[in-house]
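Inspection log for the structure reproduced underneath, given as structure tokens.
Chains as they are written, first to last, in our numbering: chain X, 1 to 352; chain R, 1 to 352.
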């Protein structure tokens, strides 16, 4: 008996030298996107895999998709209330609840993915995000960027601001508010009916995402002008963690969740870039009639002014909104100077 | 006694439900850079922290810097031989040993960080890297990109290819070979003597990195033309792991090392971008005489041709070199088309 006891004690000592809490943490995650959604569907599954693998099974994640939880844009409430421990979503979907949430996904005429990432990690972004989400009882981790979005598919060329006035456009969110301000008529048509609406002329243009996401919807078959973007120069997604759940986790599991998020984020941006490269290449060769266009300078200026007016109005109402806006604006001004002489100059001069 | 035994058994059962190997893995890491090197010094320390935190102390990493191991560019041999378990370095430093290693850090006229990352993760890059490093008994993880480098500090403006002929330039690596091919005289002067050499006219130009790394060396005080880059559009660093050491680790620790690398890589790129933004802003305001220039189109074309000739010669000698070169070239051709209509078009049109 003593011998058995001694062996057991020795085993315990060796094990507890790297003590873990000895508990299985079963966490429920609600995702905005289905598991079959390009890029994003894989990202949430990879998160589960990395967390479970690194924790040696001490964390087990159950993912519920919208087909189950029925509320793609209810993730903030799910995680805030504790109905779910974790969420996978994009911050700007909660703009109606709190306009400040949009700063962490995308702003018209805002930062590129690299600029936003630098601001977020080292320029005070993360801390400002925490100020926004603390009161929702949520800890946020960046989950990756789907990249600079295209401006959308247009049936007619846009030559002046007047061409946008009265134009029927499907463009959601803040981009839609900006276009409405300069006189476009903003439509909200369900995804499944968009192609028909564009073909029939119910709408004149549709803003979606980028080649990897657009191609399957076939807009290029009925609208030949593919405009470069202005409304979402980056598009960051997020993991939400219920703060009480997070705080109760031992430190090693906290580090595992944070680090898994970072890996998922990095791979998501690379995968979106990769897919866009390949889908654009395919689209261009199969549909040589597609014409890439950018809005003329005066149209861009009008959109930018409209965006700034809306932002300034909001900032006047909410000091934290103003604080974040000022932080992003001043960082962007400096950041763009560097971007222009580094990656931008290289692409401009070396791609000839 | 029975009661104690029962309690101990219960503790063991609960613990071994999430069994780990119960061992402390003490790993030695050799770094190319000192712990005080901007950006890179923090990255290797963060790697240690993330791995140790996530493993609950089951991995312990000791970092040796060049001041101790005396061989910044000996990391490949250190890890290959097992003298060190881990290394932190940049692949292209081993170009003399194996020219294929350079593909994983940077190529003149090659991919930007986002393009290279997409190729590496999803376009076959990682697998080709494994083919190169398998025979060195090394498992590689990408450790992050310091970003698009500047073309260097020049005392005189470069207006034609003739201006580069006979010019005395400090530029190491493949970039140096390319400039030598078109007639520049390549100098290798120790870092500490570079400023003086540039001031005295021993050299006419110096290629270093980018504002965050350049400013401290003061080149802007003696050479006013700051050229945009062509020679290192990205600059990837790497973690090396001795393959035998890696294979012996339990699966959870393998995942922890891989995921920690990914987080370090993502943060390193953001930090380099952030620092370059701030240093460039500071440099520009304190030294308004600095002029940003790009080489004229015919100079860029001559450099590109020279680079391609050297690459093609090497490819003729080594089928795997050719395989990687072909893979990068065909991916780059497609990738640049997407980059131009997404981030590039956005910056061009929205920054006015």
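We treat Cβ as the ideally placed atom computed from N, Cα and C, and that holds for glycine.
How about residue i: is its C-beta nearer than 8 Å to some C-beta of chain X?
i              : result
residue 121(R) : yes
residue 111(R) : no
residue 336(R) : yes
residue 230(R) : yes
residue 265(R) : yes
residue 117(R) : yes
residue 344(R) : yes
residue 56(R)  : yes
residue 339(R) : yes
residue 300(R) : yes
residue 352(R) : yes
residue 251(R) : yes
residue 14(R)  : Summary for residue 14(R): the model assigns pLDDT 49, below 50, so the residue's position carries little reliability; its value from the coordinates is reported in the next sentence. It does: the Cβ of residue 14(R) has a partner Cβ on chain X nearer than 8 Å.
residue 242(R) : no
residue 387(R) : In the structure as shown, chain R starts at 1 and stops at 352, and residue 387(R) therefore has no counterpart that could be examined.
residue 297(R) : yes
residue 347(R) : yes
residue 271(R) : yes
I want to see whether chain C comes within less than 8 Å of residue i, judged by CB atoms only; does it?
i              : result
residue 233(R) : Here the protein chains are X and R, and chain C is not one of them.
Which of the three DSSP states is assigned to residue i in this structure?
i              : result
residue 235(R) : coil
residue 143(R) : strand
residue 132(X) : helix
residue 64(R)  : strand
residue 366(R) : Residue 366(R) lies beyond the residue range present for chain R, which begins at 1 and ends at 352; the question has no answer from this structure.
residue 222(R) : coil
residue 59(R)  : strand
residue 198(X) : helix
residue 81(X)  : helix
residue 27(X)  : strand
residue 212(X) : helix
residue 86(R)  : strand
residue 299(R) : helix
residue 39(X)  : coil
residue 350(R) : helix
residue 114(R) : helix
residue 217(X) : helix
List the whole-angstrom C-beta distance separating residue i from residue j, where the pair is believed to meet the contact cut-off of C-beta under 8 Å.
i              : j              : result
residue 315(R) : residue 325(R) : 5 Å
residue 223(R) : residue 155(R) : 5 Å
residue 54(R)  : residue 180(X) : Not really, about 47 Å apart at Cβ, beyond 8 Å.
residue 240(X) : residue 76(X)  : 7 Å
residue 28(X)  : residue 64(X)  : 7 Å
residue 135(X) : residue 320(X) : Contact doesn't hold; Cβ gap of about 10 Å is too wide.
residue 263(X) : residue 259(R) : 5 Å
residue 161(R) : residue 184(R) : Not confirmed; about 10 Å, so no contact.
residue 225(X) : residue 291(X) : 5 Å
With 8 Å as the threshold, decide whether the Cβ of residue i is near any Cβ in chain R.
i              : result
residue 146(X) : no
residue 67(X)  : no
residue 208(X) : no
residue 53(X)  : yes
residue 188(X) : no
residue 285(X) : no
residue 153(X) : no
residue 260(X) : yes
residue 280(X) : yes
residue 274(X) : yes
residue 50(X)  : yes
residue 20(X)  : yes
Problem - Validate contact between the region 105 to 117 of chain R and the region 295 to 310 of chain R using beta carbons, cut 8 Å, 3 pairs - result: Contact between the region 105 to 117 of chain R and the region 295 to 310 of chain R is established, with three or more Cβ pairs separated by less than 8 Å.
Handout entry: Whole alpha helix (DSSP H) elements within the region 237 to 293 of chain R, 4-residue minimum
Key = Positions of the alpha helix (DSSP H) runs, each at least 4 residues long and wholly inside the region 237 to 293 of chain R, are given as 243 to 248, 251 to 286 in order along the chain.
Practice task
Report yes or no: do three or more beta-carbon pairs, one from the region 148 to 163 of chain X and one from the region 342 to 351 of chain R, lie closer than 8 Å?
Solution key: They touch, by the three-pair rule.
Practice task
Could you tell me which uninterrupted alpha helix (DSSP H) segments, each at least 4 residues in length, are contained entirely in the region 303 to 347 of chain X, listed from first to last along the chain?
Solution key: Counting only runs of 4 or more, we get 319 to 339.
Practice task
With a floor of 4 residues, list each alpha helix (DSSP H) that falls wholly inside the region 137 to 185 of chain X, ordered by position along the chain.
Solution key: Runs found: 161 to 164, 173 to 181.
Exercise for the section: Count the CB pairs spanning the region 85 to 101 of chain R and the region 200 to 212 of chain R that are closer than 8 Å, and state whether there are at least three. Expected result: Put simply, the region 85 to 101 of chain R does not touch the region 200 to 212 of chain R. Fewer than three CB pairs are less than 8 Å apart.
Practice task
Could you tell me whether the region 190 to 206 of chain R touches the region 123 to 130 of chain R, where touching means 3 or more Cβ pairs closer than 8 Å?
Solution key: Contact between the region 190 to 206 of chain R and the region 123 to 130 of chain R is absent, because fewer than three Cβ pairs lie under 8 Å.
Handout entry: Three-pair Cβ contact test at 8 Å for the region 233 to 249 of chain X versus the region 188 to 195 of chain X
Key = Counting Cβ pairs under 8 Å, fewer than three are found: no touch.
Handout entry: Segment contact, 8 Å Cβ cut-off, at least three pairs: the region 274 to 287 of chain R with the region 330 to 340 of chain X
Key = Cβ pair count under 8 Å is three or more, so yes.
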